[in-house]
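Engineer: This structure is in structure tokens; I'll ask about it shortly.
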Amino acid sequence: MVMAEPSSDGRFGEFGGRFVPESLVAACEELEAAFRTAWSDPVFVAEFHRVLKDYGGRPSPVTEAAQLSKKLGLRLLLKREDLNHTGSHKINNVVGQALLAARMGKTKLVAETGAGQHGVATATAAAMMGMECKVYMGAVDVERQALNVFRMQLLGAEVVPVESGSRTLKDAVNEAMRHWVAVVEDTHYCLGSVMGPHPYPWMVREFHRVIGDEAREQCAALLDGGVPDVVTACVGGGSNAAGLFSGFADSDAELVGVEPAGGAAVTRGVPGVVHGMLSYLMQDEDGQVLEAQSISAGLDYPGVGPEHAHLAKTGRATYETVTDAEVIDAFGLLSRTEGIIPALESAHALAWVVRDERLRGKTVLLNLSGRGDKDVNQMMDILK
Amino acid sequence: MSRSLEAALRTKRAAGQKLLVPYLTGGFDGWADCVRAAVANGADAIEIGVPFSDPVMDGPVIQEASWKALDRGATPQSVLDEAADLDVEVPLAVMTYYNLAFRAGHQRFAAGLIRAGITGCILPDLPYIESAPWRLAAVAEGVEPVQLAAPTTPDHRLTELCAASRGFVYSVGLMGVTGGRAALAESAKVTAARCMAVTDTPVLVGVGISTPDRAAEVVQASDGVVVGTSMVAKMMAEGPEGVGELVAEYRAAIDTSSVN
Ligand SMILES: Cc1ncc(COP(=O)(O)O)c(C=O)c1O
């Protein structure tokens, strides 16, 4: 079955696993057991959906992008994760993990963040749950995402700039893991995407499955019980894509992930092991991990979640890349034609839809994973 | 010729000696002379760090040394080439991260170690539960895959991993990454004692051994120590002479302690 539970050793096909220091293996096992129990407990699941509804604003609508559809010669449906509380899909995952952490008796959350979106979401969930929160963020990102740093601080979180390595997202993950080893007893590591050691890729996908489940129903209502021809989302670590894809994996819909050309782990990477998982990874011939380069800090990651590696390898999903220039155009296009300013991450998926001639005449569902408020400063500099 | 790490450590243990294994970052400017100084001052084996871009088990000091080594162009092969020229009388092990072995291919990586005269291999991000394919390939090439035991390792797994470990058992001193701690964690002695109770393989404590006094304390419950951060700090600050003096201090501290 496509997008089912991974094997007992955390594998999606040949990918995944639990490549963490021995000190963390027990914590991963404890987390897996806790998630397994919680996710089959109707009380936990009901509480999760209640918080997403009353606090997060779910369900998010599906919007017909009528003007842009006409312009592109296709039917474009937007899954509006940008309308969630904190402005992106990230809230689904952090609400799930914060509730689970509380259930496990943990009182603190630690997270990594790139653009700051996952950090803001984690800080938000921590504030809501009355938990302490520490967020590791590459020093380079602290500089270029000053607004999100301040947001996290407003929410009561401590932001720790990471000065090691390339001082971006991958180093923030390393630092969060280093910290977690020392504090596992009272602290939950709230990982921000479908990556890391088992059970994170599976658990994070399950918390985002709500995107795909809602969209499947919403599309059925719009499409006479049918599914879109193509279902697409941007891919950094791959959580918004995994959430959306999981609702359509068993259908005829074509699944397409879109990576930035400078951070294309699926398209250009080779199998490797970092951050606890075996997956596609941008690395040199010795196995040293390369730095990603993307206009969007949220996609600036040299790896990808192991389930995407498996979906790519088996051919159930395909992966495309777009350039920064194409993304800038798509960002402006959606803003002008639909009155929706997308996150730069989400604009990647749109850039591919705009470019690919093969899509004309088709129905395309696109995950609008976040809103662009956080990116307007950066775009102002670029477009001036 | 490669000298078997485990055979050498067992021989010294049988002679009543506590074991001292300094860690030094390969590829750092002047590292080979630091290794020679460590051996001249009583190291029983040397752990050579092969720098990796994402050293998740290492604290700031070893990270800095790795980063500087990478910056001056160190690669896994250049470190192994320099190691092959060390010409020291004690066995050698590498400590690095799994992706370097995975990328090279298990067999090819293991064969490269043997060619460089290195028999021990420690991969701290490859836990026992994921280690079977690597251990199989390593042992076939004559490499001794050292397994790590942690304070949180449950009993059943501790027994299994101690049985599977070759070279020595690396008993992780505390829940955390490499780097000095003011006090010796209670967990260091507890974990070591748990390992000692289930294996005859030498048990060395590493991570968190920051002073000769700590080392002297911990060898009461173990066969020896791996000393990383304080060695690397010395290497960066003072070079071979400083490393030699520090090794001599550790040597004296654990020898005195084992006589008592
Ligand atoms: C709006 C938005 N979309 C997508 C991503 C990328 O993450 P993922 O690939 O896990 O969905 C981010 C990450 O910061 C984001 O903020």
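Protein chains in written order, with our numbering: chain A, 41 to 424; chain B, 868 to 1127. For each residue, glycine too, the CB sits at the ideal point set by N, CA and C.
1. Thinking C-alpha only, which one of A/Ile335, A/Val310, A/Gly316 and A/Gly277 is nearest A/Gln323?
2. Mind listing which residues of the region 157 to 181 of chain A have their C-beta closer than 9 angstroms to chain B's C-betas, in chain order?
3. Which residue from A/Arg398, A/Arg115, A/Thr153 and A/Phe88 puts its Cα closest to that of A/Leu209?
4. Under 8 angstroms: does the beta carbon of A/His350 sit that close to some heavy atom of ligand 1?
5. Kindly indicate if chain A contains any beta-carbon less than 9 angstroms away from that of B/Ile989.
6. From the DSSP output, in three-state form, read off B/Ala950 for me.
7. Could you check the C-alpha separation between A/Glu183 and B/Ala941 for me, to the nearest Å?
8. To the nearest angstrom, how far is the alpha carbon of A/Val160 from that of B/Ala1088?
9. Within the present structure, is the beta-carbon of A/Lys130 separated from the nearest heavy atom of ligand 1 by less than 8 angstroms?
10. Are the C-beta of A/Ser133 and some C-beta of chain B separated by less than 9 angstroms?
11. Looking at chain B, is there any beta carbon in it that lies within less than 9 angstroms of the beta carbon of A/Lys148?
12. Put A/Cys230 into one of helix, strand or coil per three-state DSSP.
13. Answer yes or no: do B/Val1055 and B/Leu1041 have a C-beta to C-beta separation smaller than 9 angstroms?
14. Quick check: the Cα distance between B/Ala1143 and B/Glu1027, rounded to an integer number of angstroms?
15. Skipping 5 residues on each side, what residues in its chain have a beta carbon closer than 8 angstroms to that of B/Met868?
16. So, at 7 angstroms on beta carbons, what are the nonlocal neighbours of A/Leu390 in its own chain, with the 5 sequence-adjacent residues on each side left out?
17. Quick one: does the C-beta of A/Ala155 sit closer than 8 angstroms to a heavy atom of ligand 1?
18. Nearer than 8 angstroms: is that true of the beta carbon of A/Asn425 relative to any heavy atom of ligand 1?
19. Taking the alpha carbon of A/Ala301 as the point to measure from, which residue in A/Lys424, A/Glu325 and A/Glu331 has its own alpha carbon closest?
20. Take the Cβ of A/Asn133 as the centre, count every other Cβ of all protein chains shown within 10 Å, and call the residue buried at 16 or more, exposed below.
21. Which one of A/Gln137, A/Glu104, A/Asp211 and A/Gly145 has the shortest CA to CA distance from B/Gly926?
22. Taking 8 angstroms as the cut-off, is the CB of A/Gly303 close to at least one heavy atom of ligand 1?
23. Rounded to a whole number of angstroms, what is the C-alpha to C-alpha distance between B/Ile1034 and B/Ile989?
24. Taking C-alpha atoms, which residue in A/Gly50, A/Gly53 and A/Ser109 lies nearest to A/Gly401?
25. What whole-angstrom Cβ distance do B/Gly1091 and B/Lys885 have, given they're in contact under 8 angstroms?
26. Determine, using beta carbons only, whether A/Arg58 and A/Cys68 come nearer to each other than 9 angstroms.
27. Let me check understanding here. Comparing Cα to Cα, which of A/Glu87, A/Val367 and A/Ser80 lies closest to A/Ser336?
28. Of the residues A/Ala197, A/Tyr341, A/Pro241 and A/Asn124, which one's Cα is nearest the Cα of A/Gly303?
29. So which residues on chain A does B/Gly1043 lean against when the C-beta distance must stay under 7 angstroms?
30. Span of the alpha helix (DSSP H) holding A/Ile422?
31. What are the boundary residues of the beta strand (DSSP E) that B/Gln1014 is part of?
32. Which word fits A/Met420, buried or exposed, when buried means at least 16 other C-beta atoms lie within 10 angstroms of its C-beta?
33. Between B/Phe969 and chain A, is there a C-beta pair that is closer than 9 angstroms?
34. When the Cα atoms are used, what is the spatial distance from A/Thr164 to A/His248?
35. Whole angstroms is fine: what's the gap from A/Lys174's alpha carbon to A/Glu198's?
36. What residues match up with A/Asn13 in a beta bridge as DSSP calls it?
Structural biologist: For this structure:
1. Position 283 of the first sequence holds residue 323 of chain A. Answer by Cα proximity: A/Val310.
2. Residues passing the 9 angstroms Cβ filter: none.
3. For the purposes of this step, residue 209 of chain A is taken as the residue at position 169 of the first sequence. The residue with the shortest Cα to Cα distance from A/Leu209 is A/Thr153.
4. Within the first sequence, the letter at position 310 stands for residue 350 of chain A. With a cut-off of 8 angstroms, the C-beta of A/His350 is classified as distant from ligand 1, since no heavy atom of the ligand falls inside that distance.
5. Within the second sequence, residue 989 of chain B is the residue found at index 122, counting from 1. For B/Ile989, not one C-beta of chain A is nearer than 9 angstroms to its own C-beta.
6. Here the question's residue 950 of chain B lines up with position 83 in the second sequence. Residue state, collapsed to three classes: helix.
7. Residue 183 of chain A sits at position 143 when you count from the first residue of the first sequence. Residue 941 of chain B sits at position 74 when you count from the first residue of the second sequence. Rounded to whole angstroms, A/Glu183 and B/Ala941 show a C-alpha spacing of 30 angstroms.
8. Your numbering for residue 160 of chain A matches position 120 in the first sequence. Your numbering for residue 1088 of chain B matches position 221 in the second sequence. So the two alpha carbons sit approximately 46 angstroms from each other.
9. Residue 130 of chain A sits at position 90 when you count from the first residue of the first sequence. Annotation for A/Lys130 indicates a beta carbon within 8 angstroms of some heavy atom of ligand 1.
10. Translated into the one-based positions of the first sequence, residue 133 of chain A becomes position 93. Here residue 133 of chain A is Asn; the residue named in the question, Ser, does not match the sequence. For A/Asn133, the answer is no, since every Cβ of chain B falls outside 9 angstroms of its Cβ.
11. In the first sequence, residue 148 of chain A corresponds to position 108, counting from 1. Taking Cβ atoms only, chain B never reaches closer than 9 angstroms to A/Lys148, which makes this a no.
12. Taking the first sequence and counting its residues from 1, the one referred to as residue 230 of chain A is at position 190. Residue state for A/Cys230 is assigned as coil, using DSSP reduced to three classes.
13. Within the second sequence, numbered from 1, the residue matching residue 1055 of chain B stands at position 188. Within the second sequence, numbered from 1, the residue matching residue 1041 of chain B stands at position 174. The sequence shown places Ala at residue 1055 of chain B, rather than the Val named in the question. Annotated as proximal: B/Ala1055 and B/Leu1041, with beta-carbon spacing under 9 angstroms.
14. Beyond the ends of chain B as shown, which are 868 and 1127, falls residue 1143 of chain B; an answer cannot be given.
15. Translated into the one-based positions of the second sequence, residue 868 of chain B becomes position 1. Annotation note: pLDDT 45 at B/Met868 (below 50); position unreliable, no value reported.
16. By 1-based counting over the first sequence, the position of residue 390 of chain A is 350. Result list for A/Leu390: Ala370, Leu374, Pro382 and Leu406, in chain order.
17. Taking the first sequence and counting its residues from 1, one reaches residue 155 of chain A at position 115. Yes, since a heavy atom of ligand 1 falls inside the 8 angstroms radius drawn around the Cβ of A/Ala155.
18. In the structure as shown, chain A starts at 41 and stops at 424, and residue 425 of chain A therefore has no counterpart that could be examined.
19. Within the first sequence, residue 301 of chain A is the residue found at index 261, counting from 1. The shortest Cα separation from A/Ala301 among A/Lys424, A/Glu325 and A/Glu331 belongs to A/Glu331.
20. Here the question's residue 133 of chain A lines up with position 93 in the first sequence. When all chains shown are included, A/Asn133 counts as buried.
21. Within the second sequence, the letter at position 59 stands for residue 926 of chain B. When the alpha-carbon of B/Gly926 is set against those of A/Gln137, A/Glu104, A/Asp211 and A/Gly145, the nearest one is in A/Asp211.
22. Indexing the first sequence from 1 puts residue 303 of chain A at position 263. With a cut-off of 8 angstroms, the C-beta of A/Gly303 is classified as distant from ligand 1, since no heavy atom of the ligand falls inside that distance.
23. Numbered from 1 along the second sequence, position 167 holds the residue referred to as residue 1034 of chain B. Numbered from 1 along the second sequence, position 122 holds the residue referred to as residue 989 of chain B. Looking at the sequence itself, residue 1034 of chain B is Gly, so the reference to Ile does not match. Roughly 10 angstroms between the two C-alpha positions.
24. The sequence position of residue 401 of chain A within the first sequence is 361, counting from 1. Taking only the C-alpha atoms, the option nearest A/Gly401 is A/Ser109.
25. As a working mapping, residue 1091 of chain B is identified with position 224 in the second sequence. As a working mapping, residue 885 of chain B is identified with position 18 in the second sequence. With a beta-carbon spacing of about 5 angstroms, B/Gly1091 and B/Lys885 fall inside the 8 angstroms limit used to define contacts.
26. Residue mapping note: residue 58 of chain A aligns to position 18 of the first sequence, counting from 1. Residue mapping note: residue 68 of chain A aligns to position 28 of the first sequence, counting from 1. A contact, by the Cβ cut-off of 9 angstroms.
27. Locating residue 336 of chain A in the first sequence gives position 296, counting from the first residue. Ranking the options by Cα distance to A/Ser336, first place goes to A/Val367.
28. If you number the first sequence from 1, residue 303 of chain A lands on position 263. Taking only the C-alpha atoms, the option nearest A/Gly303 is A/Tyr341.
29. If you number the second sequence from 1, residue 1043 of chain B lands on position 176. Neighbours of B/Gly1043 across chain A, judged by C-beta separation under 7 angstroms: Val221 and Ala222.
30. Numbered from 1 along the first sequence, position 382 holds the residue referred to as residue 422 of chain A. Start and end: Val416 to Leu423.
31. Reading the second sequence from its first residue, position 147 is the one you call residue 1014 of chain B. Looking at the DSSP string, the run of the beta strand (DSSP E) that includes B/Gln1014 is Glu1011 to Ala1016.
32. As a first step, residue 420 of chain A must be located in the first sequence, where it is residue number 380. The residue is exposed, with fewer than 16 neighbouring Cβ atoms inside 10 Å.
33. Stepping through the second sequence from its first residue, residue 969 of chain B is reached at position 102. So, interface residue.
34. Counted from its first residue, the first sequence places residue 164 of chain A at position 124. Counted from its first residue, the first sequence places residue 248 of chain A at position 208. Whole-angstrom Cα-Cα distance: 17 angstroms.
35. Position 134 of the first sequence, counted from the first residue, corresponds to residue 174 of chain A. Position 158 of the first sequence, counted from the first residue, corresponds to residue 198 of chain A. Roughly 5 angstroms between the two C-alpha positions.
36. Only positions 41 to 424 of chain A appear in this structure, which leaves residue 13 of chain A out of reach.
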